[in-house]
Each structure stands twice: as C-alpha cells, then as structure tokens.
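Chemist:
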Ligand code: SF4
Ligand code: SF4
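Chains as they are written, first to last, in UniProt numbering: chain W, 1 to 597; chain A, 1 to 363.
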C-alpha cells in the first residue's frame, strides 16, 4: 500500500535515527508521530502515528434519546462541532423519515459554508504557513530562502507581494501581514457562522428536522455584508498559495515526492440541494449526487463510485493496532440495509466499542484510533482512503464527477471553476482548479484556499436562494416528527478536514448503537490487521527529506508539512521534536516493506 | 510559547506604589489533554475583548508580562521543546510563577487495571510510555500560583462525564478536592461553558492576571467557584424572548420567534450570560437566535438537562402561573436551580467506576 513503489539502486547503507514528535498537535486529543529517519539516504524509513486519547462517545451515547445525538456529537470536535451536528441530523432525518423545509437546508448550508471558510483559513494561514514562513525556511533551508529573495512572485499584482520571500515574511507568526489578516478573517467568518447557527463551536440552533434560526432578511444581509468584505482576501490567498507552492516544485526538484501517496481519496459530499434531498435511504444515490460537492471514492485517479449506498455498505472498521476488543462475535445490530443488502459485521452500524487500556507497543497496539478502511470489491482490498485534508478530495471528486453546475461553481473537464464577484479592490475573478498530477503535501495545501473560494461562491448562491424564499413567504425552518420505536439511519457529510459519517440504530425509541466516523480516524489510523499503514504513516514513510540540517539540529520540517497537510483535526500547531535524535544501533534498514506485515 | 521574541522589554511600572506585591512576569501553562474537544482553545481565539494576542503582546495595561504556553497558539517547536516549561514546572524549577489552565475533564486513571491510560500529554522520559494527564495535574497543581478550569468539562466533568461513560471522567474540583487552594491561596477558578464564551474567559483571565500584578483582589467566585458577575444571573434574565414568556406566549415548535420553554429551553434555571452578551461581538447567543438553552454551563450538564428537546419538568407549571405567582415561581425555580447546580454522584476519584457503564449494553 505504500506509495514508494521502488527504490533507486546505488543506495548508501542506512544511517537510522529515531525521531519522535509527541505531542504534535491536539488532534482532538493527542497525535504523536514516531519515525526512523535514514540520514544517509535522506528519507524517512518508518513512521507510526499514535493517538493517545479515548473519550468514548459511541459508548456513552447508548441508551440516550436519539434526538440528543446532535447536541452530544457536536462535542466530539472543538472546531467542527457543527459538522457533526449537521451530520447527526442527516442521520436522524433518515431514521425519523422527515425532510426539513428548504429554508432550513439553506441556513444549514450557509452555516457550513462559513465554517469551511473560517476553519480552512485559520488552519492554513495561521498554522500550516508557519511551516512555510520566512523564519522556518531560514532555519531549515537557508539556500531556498536566498533563492526566494531573488524570485519575483508571478501573481504579485493580485496579492501585492513582490518576491516569494516577501510572501514568506507575511506568513511569520504574530508579526506577518497575512498571519494577522487571517486572524481577523477567521473572526469575521465565525460571526457569519453565529448568525446562522447561534454560536461557535457548538451550534445552538440546529435540530433534527431543521433549524431554529429566524430567517429575517437582516440575518442574510448581515452575512452577505461580512462575506463581501473578505472576498478579496480569498482571491489573494489563492494567488499567494499558488505562487509559493509552484516555487517549491521549481526550486526543489523532487519535492512532489514529499507526502505523496497512491491516489486513494474519499469524499462524502457536502451541502444538500433542498429541491432533491429527501433523506430516504432508498434514494440516497440520487440525492447524494445532487449535493453541491459530489461524493466519490477515487482510486489511482479513477472514480470508483459516487453512490452513497455503495460508499456506505463498503465501509469497514478494522482493528490491528488499536486498544479495543473485537466485536465480531457479538450479535449484529443491522443485518441488512433498507434495500435488503447484507451489512458486514465490521460496518459502523454493527460496531461495538469496547476500550481496553494498555501499554503502547509499536509492534503491537499503539493507538486509540481504529482503522477505517473502504472495501474495494473489484480488487478485494481494504483501502486506506485519505481525505487529502478535505479540500483535495472534495475538489478532485467534484471535478471527476462533473455534476456540479451552479450559479458560481461549475465542474467541467476535470476542472472546477469558481466565480467570485468584484470586491473592495479586486475585480470579478474566475478561479480554476485542475486535477493535479499527485496526491501529495503541496497539493493538499494548495487545494485549501481554492475550497475557501468554493465555499464563498456557494454561500452567495445560498444567500440568493434564501432571500428568494423569504420574499415568497416560505420561511418555515422546522419539520416536526415522532421518534420511531425502531429505525436505522446514516448521515454523510464533509467535516472541514474530510469525510464524516454518522451511523445510528434506534431500538425502543433509544439509541441502541451510534458510531460517528470523522476524517481523522481515516487519516490518522494505525496499521490495520493486514499491516496496511494509515495515511499519515504511509505518506510520511518513504518520503524524501529536503531539510538542509543534519541529525543534530534536524527540525523535521518536511515531515511536519506532510502531517499538517492532512489538517490534523484542529487548527493546531504541529509541534515537532527538534532535539537531537538518538542514533539506533541498527545499521541496515529493517523496515522497508517489512514494517507493514 | 515564550513570547520573548515579540516583547521588546519588560514593561516598567510607572507611578505604582513602592510596596505593591505583584509580580512582573507570569507563565500560563495550558493543558488541553483532558477529555475535551479543544473547543475552549478554539473559542478563546474568537475573543476580541480583549483578544489573547492583546494580552500576550502586552496591550492591556497593568498586567504582568505573560508567557503563554498553549499548543494551538504556540509558534514554538513542540515535542520536548514544547514540553520544557511543563517539565521545569513539575520539577519546581520554572523561573516564574505559573497559572495552570486545564481544558477537558479528568479521567479516572485508577479504574484501569494494569497498564494503560485514557489520555496522555507527552511521554514519560524514563519508560517512553505515555505520561498521563493525571500525573501532570498531580505534579503541577500543588505548585501552581493559580489553577483555572476552562470549560464545563474541566470545571464539572461535562459531556465526557456523562452517565455511562467508561472513563470515570470528572471535573477538576472533584479531582483536586473542592477545598483545593493554590500557592496564592486561591480556589480553582471555574469558567464553565461548553465551550467557554470567549469574552467570559478572557475577562476572567485578565482579572486573575490583575490580581497577580497586585492591582486587584481575587475574582469574586460563587459556591461553584464561578465568577459571580458572569454567572450570577440566569439565561432567562437576559433573553430577548423574555417578554413572550411573561405573556405566557410560547412557541410550540422551533419555527416560532416566541419563548422556547415548551420546546426544551432551560433558560429559567441556568446560570449563564450568553443571551445578554451574545456569542462573539454581540452576535448569536442561544435562545435569542432560536437555540434552546441546554444548560451547558452547569454542574448538572448534560444529564440533568436530557432529553434536551423536551419541555423541562416544571416548565409548564412555572409558565402557567408566571403572572399571578411570581414569588412562588422564583422559589420553585430556586429549587430547580439548586438541582441543576449539582454534579451527578458518579463523578469522583474512587477506584470503582459508578457511571453505569456497561460495555455490551443492548436495549
Ligand atoms: S426562550 Fe428560554 S431563556 Fe428565553 S424566555 Fe423562554 S425560557 Fe427564558
Ligand atoms: S444559554 Fe444555555 S446553552 Fe447557551 S451557552 Fe448559556 S448555558 Fe449554554
């Protein structure tokens, strides 16, 4: 499964050094990256990713009133809590057999659009960019910085910076212009969010059945006027990102190998079309394709499916390196889906989470994260899909599908075109994102500002449609319902950093089983029972090292950029251990390939 | 994060009395590795009155120099480098006094038989195994100049201390004991909220820092150790929909702009200023915008308020008799407020788990 297909000959004997970074970041908990680095050949020989937090949502939700699920699951994540609430409500709406009024869908969509704009911006500009800022580049690749100082920024007339180094300076934490502006934008976008969902992080106005937000015209005006004041920032962000990432490819040949994986992307779709969605399982394929970000599983650049029913049925939750007891010998909760298809015991509907705290052993169990995989029937393989940090998979799937055709966003010929109106200083602009050659670190990062633009463009459409409804007097926002005695439901959505699903089983009007699968378990999963590493592990393992420092003052910036490119859950710093590594006694690499077994 | 690079010189105190006993520099050691969603840190970055940058960069007059160590906001290097001030503090060798901020509830490590952990913060240098949050709190709390609990998880246990939880999670008061006193003689300062309302937290922190500077008395706290001026009133008392309540005019579903009590709002008995203050920049704030109050600032949260979407017990009674019997209602409400101001009994440090957790629960 590793991306590293073959090793060039003429390699030097490995000089392996243990390097670990823990805590890396609060990925709703605690992410650690443990590597062996081969300094002789300047590449990462082995990588394990650990998560050391267990909280137990799927455990303590059992027996609760299903209507509470959205309020509770919001608390899974302190940055995208609303994505969870929304997804939970989707799952509940399926279980309760209801469909919220169109105005409720628009308000939810506007809230989610604001969330994407907020979260991607604070993450990219205030956290990812620290890895690309002047101070960091100076400490890790001084010759690159010298070159950046001599290189004119090709899109200078859009973003206003003359050289690449000028952009890097603007990324400097706390002092740089972009850093400070991004903090401001992250606050404005959160205000937009609060207009729709009451408060951020954990929204107060989302309910199964709709929302409680009053659709006054002023709510939409307040949102629109804020959006128009950040629209030029978004255009500049795209231009700036393109300049920096293009420069990296050009100045450091081979940088495309950093964080490169086989193309194994999953996207579960975002933003419902109120005219199509009815939340019935049987019609999920139709309304799934009508979403304004198209779902899809992409393998080696090919779209394998965009059918949410297939996507659902082939989800598998594997163990292998995680601190849990297996549940395969339990009674299944759901043997068949509502269409009569058999449901696997490793499917979230049938999962029972039984935590077993234990020691951390890298050749045994080392993580509280399980290993979600997607079963590819054609090849009989359990694929370790990643989300590309969210935007990469969303844009890729939408572009490949070619189904989105809206007022401001269109997917055509493997491209996504985004049209943004005139702002304070920049004219109307059409941005175009094309499918890249690689699924790698730089492309994950590049996709992010494009998706901010995408979200802004969709928000404009939702605002227009909301006002059309207000003017037509269609202001109902909530649909009443009864909780059935027995039901199942599933919700598919995109959390900011990628795929999100909630699976719900109701018995006696109570939650009998509930399993949320956010993006981080997909991306941060450890090796599964087949030895397949999770995406962080796979992307880091085998990647070349471009940093100019040796083992003594190694900072690990290339590894940091890779882990960060996946957007490890929170807008948190990826904090690397920059101390001196301990040289291992081992001289030969014991790991390539073998470590997966 | 040390903010050295952003601070040109220690600010001189001009015109202060000679005998002021405050300190000139203080470190905030923030640990969010409790059972949390990290939403309090995220929320904090929304604050503008004041913003965290304002405090760290010295824009608020009269505060000591603040070294904030928080992973989200840290431009430092991380790993052991990031942990260095925590390690120094644990050894009692940090060169400034420190405020320990805990985010997230504290799991019960003692219910685990054998090895293993619920959550960790870095590794134990001796064994290479994860270092538990409990170990850190045990080391740091006795040495802290002040301890601040950020968010309902840290204050009272919150969502992760819900009935049926397998981790035995509890609030800091349950863990350290409600009579805990820091080296400055302060009790734990609790800022509940799921998550914290950004300005509520920053304002409290600034007050604590002003106290550290010797310029203010300790912040006034209520019996659950909350800042009185923030949590002394109910949601209801600040709610835009209050006049509907008074007229006995209730929304029957969430389509209504009227009072939400019949659709689940617990505002009448919940201590929280969010409707009054808004969520950020005066915008948002649960019932004002159409969100039922689910009591997220309260010791009894969440269990005492579930199922959230049903009318609170007593809601109908008090809404019926509201006009003629105001005084009676206030008293009845006092009783309910008492009830929701208590934590459930299973949040404790004993080595037996009593949350009702059943690994193979089936209906
Ligand atoms: S909505 Fe809630 S807080 Fe507002 S008046 Fe009604 S009961 Fe009180
Ligand atoms: S109004 Fe209620 S739900 Fe909203 S923040 Fe306050 S206590 Fe929490």
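All residues carry an ideal CB built from backbone N, CA and C; glycine is no exception.
Interface residues of chain W around residue 66 of chain A at Cβ under 8 Å?
Modeler: Here residue 66 of chain A corresponds to residue number 66 of the second chain, with the count starting at 1. The premise fails here: residue 66 of chain A is roughly 14 Å from chain W at the closest Cβ pair, so nothing lies under 8 Å.
Chemist: Under 6 Å from any heavy atom of ligand 1, by CB: list those residues in chain order, please.
Modeler: A/235, A/236, A/239, A/241, A/242, A/245, A/259, A/260, A/261, A/265, A/267, A/268, A/287 and A/293
Chemist: When burial is assigned at 16 or more other CB atoms within 10 Å of the CB, is residue 329 of chain W buried or exposed?
Modeler: As a working note, residue 329 of chain W is residue 329 in the first chain. Per the 10 Å Cβ criterion, exposed.
Chemist: Between the stretch 367 to 377 of chain W and the stretch 515 to 531 of chain W, do at least 3 Cβ pairs fall closer than 8 Å?
Modeler: yes
Chemist: Indicate the three-state DSSP secondary structure (helix, strand or coil) for residue 363 of chain A in the structure shown.
Modeler: Position 363 of the second chain, counted from the start, is the residue given in the question as residue 363 of chain A. DSSP places residue 363 of chain A in the coil class of the three-state scheme, outside both helix and strand.
Chemist: Kindly indicate if chain A contains any beta-carbon less than 8 Å away from that of residue 512 of chain W.
Modeler: Position 512 of the first chain, counted from the start, is the residue given in the question as residue 512 of chain W. By this cut-off, residue 512 of chain W is an interface position.
Chemist: Look up residue 171 of chain W in the DSSP assignment and say whether it is helix, strand or coil.
Modeler: Here residue 171 of chain W refers to the residue found at position 171 of the first chain. For residue 171 of chain W, the secondary structure class from DSSP, reduced to helix, strand or coil, is coil.
Chemist: Under DSSP, the beta strand (DSSP E) around residue 30 of chain A begins and ends at which residues?
Modeler: Working through the second chain from its first residue, we reach residue 30 of chain A at position 30. Counting along the chain, the beta strand (DSSP E) containing residue 30 of chain A begins and ends at 25 to 31.
Chemist: So for residue 138 of chain W, helix, strand or coil by DSSP?
Modeler: The count along the first chain starts at 1 and reaches residue 138 of chain W at position 138. Residue 138 of chain W: helix per DSSP, three-state reduction.
Chemist: Is residue 486 of chain W helix, strand or coil by DSSP?
Modeler: Here the question's residue 486 of chain W lines up with position 486 in the first chain. It is coil, neither helix nor strand.
Chemist: At a CB-CB cut-off below 7 Å, which residues of chain W make contact with residue 159 of chain A?
Modeler: Counting from 1 along the second chain, the entry for residue 159 of chain A is found at position 159. Neighbours of residue 159 of chain A on chain W, chain order: 72 and 75.
Chemist: If residue 170 of chain A and residue 108 of chain A are in contact, beta carbons under 8 Å, what's the gap, nearest whole angstrom?
Modeler: As a first step, residue 170 of chain A is located in the second chain; it is residue number 170 there, counting from the start. As a first step, residue 108 of chain A is located in the second chain; it is residue number 108 there, counting from the start. Going by Cβ atoms, the distance from residue 170 of chain A to residue 108 of chain A rounds to 7 Å, so yes, they are a contact pair.
Chemist: Taking the straight line between their C-alpha atoms, what separation do you get for residue 509 of chain W and residue 365 of chain W?
Modeler: On the first chain, residue 509 of chain W is found 509 positions in, with the first residue counted as 1. On the first chain, residue 365 of chain W is found 365 positions in, with the first residue counted as 1. Cα to Cα, the separation comes out at about 37 Å.
Chemist: Using the beta-carbon of each residue, which ones in chain W are nearer than 8 Å to residue 43 of chain A?
Modeler: Position 43 of the second chain, counted from the first residue, corresponds to residue 43 of chain A. By Cβ distance, chain W contributes 78, 200 and 201.
Chemist: Using only CA atoms, which one of A/273, A/225 and A/129 lies nearest to residue 361 of chain W?
Modeler: Position 361 of the first chain, counting from 1, holds the residue named residue 361 of chain W. Nearest of A/273, A/225 and A/129 to residue 361 of chain W, Cα basis: A/129.
Chemist: As an exercise, report each continuous beta strand (DSSP E) stretch of at least 3 residues that is fully enclosed by the stretch 433 to 489 of chain W, in chain order.
Modeler: none
Chemist: Less than 8 Å separating the beta-carbons of residue 140 of chain W and residue 151 of chain W?
Modeler: By 1-based counting over the first chain, the position of residue 140 of chain W is 140. By 1-based counting over the first chain, the position of residue 151 of chain W is 151. No, the pair does not count as a contact, with Cβ atoms beyond the cut-off.
Chemist: Mind pulling the chain W residues with CB within less than 9 Å of residue 48 of chain A?
Modeler: Taking the first residue of the second chain as position 1, residue 48 of chain A is located at position 48. What residue 48 of chain A touches in chain W: 187.
Chemist: Please report the straight-line C-alpha distance between residue 195 of chain W and residue 498 of chain W, rounded to a whole angstrom.
Modeler: Taking the first residue of the first chain as position 1, residue 195 of chain W is located at position 195. Taking the first residue of the first chain as position 1, residue 498 of chain W is located at position 498. One C-alpha to the other measures close to 24 Å.
Chemist: So residue 511 of chain W and residue 66 of chain W are in contact, right, with Cβ under 8 Å, and what is the actual spacing, rounded?
Modeler: For the purposes of this step, residue 511 of chain W is identified with residue 511 of the first chain, where counting begins at 1. For the purposes of this step, residue 66 of chain W is identified with residue 66 of the first chain, where counting begins at 1. That belief holds up - the Cβ atoms of residue 511 of chain W and residue 66 of chain W are roughly 5 Å apart, short of 8 Å.
Chemist: Could you list which residues in chain W have their beta carbon closer than 8 Å to that of residue 257 of chain A, in chain order?
Modeler: By one-based count along the second chain, residue 257 of chain A stands at place 257. Those are 214, listed as they occur along chain W.
Chemist: So, for residue 461 of chain W: in the same chain, excluding its five sequence neighbours on each side, which residues have a beta-carbon less than 7 Å away from its beta-carbon?
Modeler: Along the first chain, one-based indexing puts residue 461 of chain W at 461. If we look at residue 461 of chain W and ignore the five residues flanking it on each side, its Cβ neighbours are 406, 407 and 408.
Chemist: Nearest by alpha-carbon distance to residue 203 of chain A: which of A/54, A/33 and A/29 is it?
Modeler: On the second chain, position 203 is the one that residue 203 of chain A refers to. Nearest C-alpha to residue 203 of chain A: A/54.
Chemist: Quick one: what's got a C-beta closer than 6 Å to residue 410 of chain W's C-beta in the same chain, skipping five residues either side?
Modeler: Your numbering for residue 410 of chain W matches position 410 in the first chain. The residues are 417.
Chemist: For residue 267 of chain W, does the three-state DSSP call read helix, strand or coil?
Modeler: Taking the first residue of the first chain as position 1, residue 267 of chain W is located at position 267. Note: residue 267 of chain W maps to strand in three-state DSSP.
Chemist: Going by the beta-carbon positions, is the gap between residue 469 of chain W and residue 401 of chain W smaller than 8 Å?
Modeler: For this step, residue 469 of chain W is matched to residue 469 along the first chain. For this step, residue 401 of chain W is matched to residue 401 along the first chain. Not a contact, by the Cβ cut-off of 8 Å.
Chemist: So that I know if they touch, is there some Cβ in chain A lying closer than 8 Å to that of residue 30 of chain W?
Modeler: On the first chain, position 30 is the one that residue 30 of chain W refers to. True, the Cβ-Cβ gap to chain A drops below 8 Å.
Chemist: Any idea what DSSP makes of residue 411 of chain W, helix, strand or coil?
Modeler: Taking the first residue of the first chain as 1, we reach residue 411 of chain W at position 411. Of the three classes helix, strand and coil, the one that applies to residue 411 of chain W here is strand, per DSSP.
Chemist: I need the boundaries of the beta strand (DSSP E) containing residue 45 of chain W, first residue and last residue.
Modeler: Position 45 of the first chain holds residue 45 of chain W. 43 to 51 is the span of the beta strand (DSSP E), which, as asked, contains residue 45 of chain W.
Chemist: Anyone know if the C-beta pair for residue 251 of chain A and residue 292 of chain A falls short of 8 Å?
Modeler: Position 251 of the second chain holds residue 251 of chain A. Position 292 of the second chain holds residue 292 of chain A. By the CB criterion at 8 Å, residue 251 of chain A and residue 292 of chain A fall outside the cutoff.
Chemist: Quick check on this structure: which residue in W/394, W/477, W/204 and W/423 has the alpha carbon closest to the alpha carbon of residue 448 of chain W?
Modeler: As a first step, residue 448 of chain W must be located in the first chain, where it is residue number 448. Per the Cα distances, W/394.
Chemist: For ligand 2, is there a heavy atom less than 7 Å away from the beta-carbon of residue 289 of chain A?
Modeler: The count along the second chain starts at 1 and reaches residue 289 of chain A at position 289. No.
Chemist: Could you give the distance in angstroms between the alpha-carbon of residue 46 of chain W and the alpha-carbon of residue 40 of chain W?
Modeler: Residue 46 of chain W sits at position 46 when you count from the first residue of the first chain. Residue 40 of chain W sits at position 40 when you count from the first residue of the first chain. In a straight line, the C-alpha of residue 46 of chain W is about 14 Å away from that of residue 40 of chain W.
Chemist: Select from W/21, W/53, W/232 and W/377 the residue whose C-alpha is nearest the C-alpha of residue 36 of chain A.
Modeler: Here residue 36 of chain A corresponds to residue number 36 of the second chain, with the count starting at 1. Of the listed residues, the one whose Cα sits closest to residue 36 of chain A is W/53.
Chemist: Please confirm whether residue 196 of chain A and residue 147 of chain A have their CB atoms less than 8 Å apart.
Modeler: Walking along the second chain from the start, residue 196 of chain A turns up at place 196. Walking along the second chain from the start, residue 147 of chain A turns up at place 147. Against a cut-off of 8 Å, the Cβ pair of residue 147 of chain A and residue 196 of chain A comes out as no contact.
Chemist: Excluding the 5 residues flanking residue 546 of chain W on each side, which residues of the same chain have their C-beta closer than 6 Å to its C-beta?
Modeler: By 1-based counting over the first chain, the position of residue 546 of chain W is 546. So the qualifying residues of the chain are 252 and 558.
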